[in-house]
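Peer 1: Everything in the first sequence is counted per UniProt numbering, starting at 1 for the first residue and increasing by one.
Using N, Cα and C, we set each Cβ at its ideal position, and we do this for glycine too.
Starting off with a structure, shown below.
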Amino acid sequence: MALEATYNSQTVEKRWYSYWMEHNYFHSEVDEREPYTIVIPPPNVTGVLHMGHMLNNTLQDVLIRRARLKGFNACWVPGTDHASIATEAKVVAKLKSEGINKEDLTREEFLKHAWDWTYKHGGIILDQLKHLGASCDWERTKFTMDDDMSASVIKVFIDLYEKGNIYRGYRMVNWDPEAKTTLSDEEVIHIEKQGNLYYLNYKIEGSNDTLTIATTRPETILGDTAICINPNDERFTHLKGKKAIVPICNRVIPIIEDEYVDVEFGTGCLKVTPAHDENDKVLGDKHGLEVIDILNEDATLNSFGMHYQGKDRFVVRKEITKELEAIGALQKIETHTNKIGTSERTGAVIEPRLSDQWFLKMKELAQPALDAVLEKEVNLVPEKFINTYRHWMENVRDWNISRQLWWGHQIPAYFYGDGKEDFVVAESLEAAVPKAQKKSGNSALTASNLKQDPDALDTWFSSWLWPMSVFNGIMEPDNKEINYYYPTNDLVTAPEILFFWVARMIIAGYEYRGEKPFNNVYLTGIVRDKQRRKMSKSLGNSPDPIELMKQYGADGVRVGMLLSSPAGNDLMFDEDLCKQGSGFVNKIWNAYRLIDGWEISESLEETDTSKIALDWYRAKFQMALAEIEDHYSKYRISDALMATYKLVWDDFCSWLLEMVKPGYQQPISGKTFRSIIEIFEDNLKVLHPFVPFISEELWQHIAKRTPKEALVVSQWPELKPINETLIKEFEFASEVISGIRTIRKQKNISFKETISLHIINNDNATTTFDAVIQKLGNIDVLTYVSEKIEGALTFRVKSNEYFVPIEGAINVEEEIEKLSEELKYTEGFLKSVQGKLKNEKFVSGAPEKVVAMEKQKEADALAKIETLKTSLAGLQ
RNA sequence: GGGCGUUUAGCUCAGUUGGUUCAGAGCACUUGGUUUACACCCAAGGGGUCGGGGGUUCGAAUCCCUCAACGCCCA
């Protein structure tokens, strides 16, 4: 059946994806082969596919498909993440739009809504990945809140608690007043903002004097519990031991001394608000100050805010400034830029807030994970991220793992009293009872006396176990799957989550299996638009991936994504890249259409041209294959693609097919045809990871294949020794062909018009490719001569001279000019080479090989100059 | 403020240990070409003081110093 004239990506994609699924090629079971494993960075369960996922998953699919072809037992585990904050925020918003407040629901009721939401919107993203061609083992699809996954999280929490690594602490945390939860340090984004510095006067108790402090947050004065001065600051000696009066609330507070105060900043007097600033908290602890929290959990003021109670902190800031001014306590306002923390998820300005939270001690746990990367047990690609990783790991801080949310894994701590330590940690309420009885010494305690901590765990506290828990490696540490698939091979993810996720997975891996979770971490860039803006929903600058695939085909988009995405560098995405990708797919399609249309004749002998052309391409293919393998080994995926692209487009289509192509309506020899097909099949194999759909389509078109013979499970071509001589000889021949084409163009000789070519073979060049030169140059007669041909057009390759006699006079002047230019260039070149060779330091200092090469260059140049000079002499 | 990185053609990027005619690729651009697979094509061509300055070396895009611009991470 003849191929359609144009490639229809949609039909083909549907056909082969279902064929692959039907034959279960993506499923992996433990067997005797060597495994090659990737776990997907689980996307948000209710998320939709964006360009970052496209890039990331294309890369993973390329790696896994190649591994499959190389004979590994390839296993790519897909799944999703419950994304605590993001999902809960969405559910809360949805309920609100229906007039329901989260506060009015019980935990169980709320969770039911959240699960409904998850069932409704969940997993869309995984289906979208199928459009891309992702060859995941869908039978293994996991969700971080599946029962077994949750059990793993709880088990690890209990274990770490029992080892003393998890503790409960009253600490200053990052509070997101919008999501009403704490955030880890990593989830806070610091941005520079223009603000003000307010200079406020405080009266000194028992005198008419005042002191002036500078603050960026005047609303927090209501929480002030001290003024601090530097004991070495002579300006304030008179204040020592006195007390100050906070304006508006008229609280009398001590003036304390501490060298912490920067005498240069502001006025040198610092107001201390321990409840609302991390540094002030430290000062407060040191000096035993009172802690006055003036904020509610939504960042409105509480009763300490007096007449501002119930108003938002930013509103209060404006209003209190006016009041301070009215009572004469405001001295001046200066503009001031400072960095403020904002929530990664909601964008809200973070409030430092004191509260009871759960923390994981990191220092000791982090050590093996730091060593693993420094010793290249785990390779970060590109290596430049090692420094960033080291810096973070060496200064790692304890991880706040609790979140004031319901959607997630509820912390398995059960309180039996109001005391800070009146709790036990257990995997269930039932298990908690005996523990609580023991700890409290109260054997009468029952389940009804216990109250589980309402907080949930940070989502990353479940995803850090991902490479282990997807194989049930936490609950059953010795099961055959975890023993076989772990450690996984490659992890493909974004540098943004190097600390959030990657580092913590390595930590967990060493803690729970004594082994790294993966060998290599390939860090991709961020997908940006042409103006270098990060693609985001809010900016609306991201194309819809599904639409993109409809327009350019999944293969086209895959190629487009990979064309310009070196590891770790941002990708400036441009739809033109997909256009180039679909152009490539079109080229492959048409190359096969040409071959497919040939009439085959078994009685025809293989021509010399075809024979040498095929030999050359086989050599060239090996050379490209070696290069491609090298690129893959270094995770230079876009380079591997480009090498494949050039092999297929330039070498196969533009050179080989043109060389073997029979004349119009002429048949091709059966032998040649079979060789071409064999070669084309190898091309399809190396193409497959990049363009799985069209490669499978053509593969299946070439011959009727059994399910076992599908391309997706075929064998990657073997590396064989490269015939470099043949490649070099062809390069020479291709220069001759270029010379002919240039002459044709310059003299307006149509390609259809045959010409003759006379050669003086000064260089002793091989005649192997003469038949090819004749065919591609449309040469009727190719002869070797010893004397130059008068009145012919000429060109030179190395020191060989080529003559094309044509009708009509040659423009002698032009010829002379052309030759003189070549001569001038060559002489200049010779001079520089001889300059080097005359330099004794060069000859003695440079390696022999380099000197020999320079000598060869000298000889070549001398020979060329000789021929140029004779030619010139002949013309003059 | 501390750390890391980047700067090469109009654009996006390669350039390994300092040494082939090393200044490259893809795209874009210019010119010519279409009854014969593909105009999503073929062929030919132009285009760069390798961010600036200084140094080491027989030899520097590559190593060192310095300045500048940009980006990222951390505080």
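#1: Take residue 877 as the anchor and find which of Lys720, Leu872, Phe143, Trp76 has the nearest alpha-carbon.
#2: Leaving out five residues on either side along the sequence, give the residues of the same chain with a beta carbon under 6 Å from the beta carbon of Gly560.
#3: May I ask you to verify whether the stretch 159–168 touches the stretch 48–61, counting CB pairs closer than 8 Å and requiring at least 3?
#4: Please give the ranges of any beta strand (DSSP E) in the stretch 104–138, keeping only runs that are unbroken, at least 3 residues long and fully inside the region.
#5: Taking only the alpha-carbon atoms, compute the straight-line gap between Asn761 and Glu629 and give it to the nearest angstrom.
#6: How many angstroms separate the CA atom of His631 from the CA atom of Asp298?
#7: Using only alpha-carbon positions, find the residue among Pro434, Tyr202, Thr267, Thr220 that is nearest to Met306.
#8: Fully enclosed by the stretch 10–72, which beta strand (DSSP E) runs are 3 residues long or longer?
#9: Quick one: give me the first and last residue of the alpha helix (DSSP H) that Ala873 is part of.
#10: May I ask you to report which of helix, strand or coil DSSP gives Ser207?
#11: Identify whether Glu219 lies in helix, strand or coil by the three-state DSSP scheme.
#12: Inspect the beta-carbon positions of Phe690 and Ala554 and report whether they are closer than 8 Å.
#13: Buried or exposed for Lys374, going by 16 or more other Cβ atoms inside 10 Å?
#14: By the three-class DSSP mapping on this structure, what secondary structure does Glu234 have?
#15: Quick one: complete alpha helix (DSSP H) runs, 4+ long, within the stretch 339–380?
#16: Pull the bridge partners of Thr783 from the DSSP assignment, please.
#17: With respect to the alpha helix (DSSP H) encompassing Arg796, which residues constitute its N-terminal and C-terminal limits?
#18: I need the DSSP call for Gln700, collapsed to helix, strand or coil.
#19: Verify whether the separation of the beta carbon atoms of Leu429 and Gln452 is less than 8 Å.
#20: If Leu354 and Met172 are in contact, beta carbons under 8 Å, what's the gap, nearest whole angstrom?
#21: Going by C-alpha distance, which of Asn590, Val378, Ala643, Trp589 is nearest Asn519?
#22: From Leu270 to Pro434, what distance separates their C-alpha atoms?
#23: Given Ile865, which residues of its chain have a CB within under 8 Å of its CB, disregarding the five upstream and five downstream residues?
#24: Taking the C-alpha atoms as reference points, what is the distance between Ile64 and Val712?
#25: From the DSSP output, in three-state form, read off Tyr170 for me.
#26: Using DSSP with H/G/I as helix, E/B as strand and the rest coil, what is Gly568?
#27: Is Ala613 near the ligand SAH, in the sense that its beta carbon is under 7 Å from a heavy atom of that ligand?
#28: Taking the beta strand (DSSP E) that Val425 falls in, what are its first and last residues?
#29: Secondary structure at Lys318, three-state DSSP: helix, strand or coil?
#30: For Ile737, write down the residues that DSSP places opposite it in a beta bridge.
#31: Among Asn541, Tyr19, Asn44, which has the Cα closest to the Cα of Met572?
#32: Please determine, among Leu183, Lys94, Ser469, the residue with the shortest C-alpha to C-alpha distance to Lys142.
#33: From Asp696 to Ala710, what distance separates their C-alpha atoms?
#34: On the DSSP bridge list, what partners appear for Asn483?
#35: Three-state secondary structure (DSSP) at Cys249?
#36: Taking Asp262 as the reference, give the member of Asp639, Leu819, Cys228 with the closest Cα.
Peer 2: Result, derived from the coordinates:
#1: An answer regarding residue 877 cannot be provided, because it is not within the stretch 1 to 876 covered by the chain.
#2: Numbered from 1 along the first sequence, position 560 holds the residue referred to as residue 560. Result list for Gly560: Leu577, Cys578, Gly581, in chain order.
#3: no
#4: none
#5: Along the first sequence, read from residue 1 onward, the residue named residue 761 stands at position 761. Along the first sequence, read from residue 1 onward, the residue named residue 629 stands at position 629. For Asn761 and Glu629, the distance between alpha carbons rounds to 38 Å.
#6: Position 631 of the first sequence, counted from the start, is the residue given in the question as residue 631. Position 298 of the first sequence, counted from the start, is the residue given in the question as residue 298. Roughly 53 Å separates the two Cα atoms.
#7: Here residue 306 corresponds to residue number 306 of the first sequence, with the count starting at 1. For Met306, the closest of Pro434, Tyr202, Thr267, Thr220 by C-alpha to C-alpha distance is Thr220.
#8: 35–39
#9: Along the first sequence, read from residue 1 onward, the residue named residue 873 stands at position 873. Start and end: 848–875.
#10: Here residue 207 refers to the residue found at position 207 when the first sequence is read from its first residue. Reduced to three states, the DSSP call for Ser207 is coil.
#11: In the first sequence, residue 219 corresponds to position 219, counting from 1. Helix at Glu219.
#12: Taking the first sequence and counting its residues from 1, one reaches residue 690 at position 690. Taking the first sequence and counting its residues from 1, one reaches residue 554 at position 554. No; because the gap between Cβ atoms is not below 8 Å, this pair is not in contact.
#13: As a position in the first sequence, residue 374 is number 374, starting the count at 1. Inspection of the sequence shows that residue 374 is occupied by Leu rather than by Lys. When all chains shown are included, Leu374 counts as exposed.
#14: As a working note, residue 234 is residue 234 in the first sequence. In this structure, Glu234 counts as helix in the three-state DSSP scheme.
#15: 363–374
#16: Sequence index remark: in the first sequence, residue 783 carries index 783 (1-based). Per DSSP, His758.
#17: As a first step, residue 796 is located in the first sequence; it is residue number 796 there, counting from the start. It is not in any alpha helix (DSSP H) - Arg796 instead sits in the beta strand (DSSP E) that spans 792–797.
#18: As a position in the first sequence, residue 700 is number 700, starting the count at 1. If DSSP states are grouped into helix, strand and coil, Gln700 belongs with the helices.
#19: Working through the first sequence from its first residue, we reach residue 429 at position 429. Working through the first sequence from its first residue, we reach residue 452 at position 452. A distance below 8 Å separates the beta carbons of Leu429 and Gln452.
#20: Here residue 354 is taken as the residue at index 354 of the first sequence, counted from 1. Here residue 172 is taken as the residue at index 172 of the first sequence, counted from 1. About 6 Å separates the CB atoms of Leu354 and Met172; that is less than 8 Å, so the two are in contact.
#21: Counting from 1 along the first sequence, the entry for residue 519 is found at position 519. For the residues Asn590, Val378, Ala643, Trp589, the minimum Cα distance to Asn519 belongs to Val378.
#22: Numbered from its first residue, the first sequence carries residue 270 at position 270. Numbered from its first residue, the first sequence carries residue 434 at position 434. Each residue's Cα considered, the two are about 51 Å apart.
#23: Taking the first sequence and counting its residues from 1, one reaches residue 865 at position 865. Answer for Ile865: Leu823, Thr826, Glu827, Leu830, listed in chain order.
#24: Here the question's residue 64 lines up with position 64 in the first sequence. Here the question's residue 712 lines up with position 712 in the first sequence. C-alpha separation (whole angstroms): 11 Å.
#25: Your numbering for residue 170 matches position 170 in the first sequence. In this structure, Tyr170 counts as strand in the three-state DSSP scheme.
#26: Position 568 of the first sequence holds residue 568. Reduced to three states, the DSSP call for Gly568 is coil.
#27: The ligand SAH is not part of the structure shown, which contains no ligands of any sort.
#28: Mapped onto the first sequence, residue 425 falls at position 425. Element bounds for Val425: 423–425.
#29: Taking the first residue of the first sequence as position 1, residue 318 is located at position 318. Note: Lys318 maps to helix in three-state DSSP.
#30: Counting from 1 along the first sequence, the entry for residue 737 is found at position 737. Paired residues: none, contrary to the question.
#31: As a working mapping, residue 572 is identified with position 572 in the first sequence. Comparing Cα positions, the closest option is Asn541.
#32: Counted from its first residue, the first sequence places residue 142 at position 142. The residue with the shortest Cα to Cα distance from Lys142 is Ser469.
#33: Here residue 696 is taken as the residue at index 696 of the first sequence, counted from 1. Here residue 710 is taken as the residue at index 710 of the first sequence, counted from 1. It is Glu, not Asp, that sits at residue 696 in the sequence shown. Roughly 7 Å between the two C-alpha positions.
#34: Counting from one through the first sequence, the residue named residue 483 turns up at place 483. None; Asn483 has no bridge partner.
#35: Counting from 1 along the first sequence, the entry for residue 249 is found at position 249. In the three-state DSSP reduction, Cys249 falls in the coil class, being neither helix nor strand.
#36: Position 262 of the first sequence, counting from 1, holds the residue named residue 262. In terms of CA proximity to Asp262, Cys228 leads the group Asp639, Leu819, Cys228.
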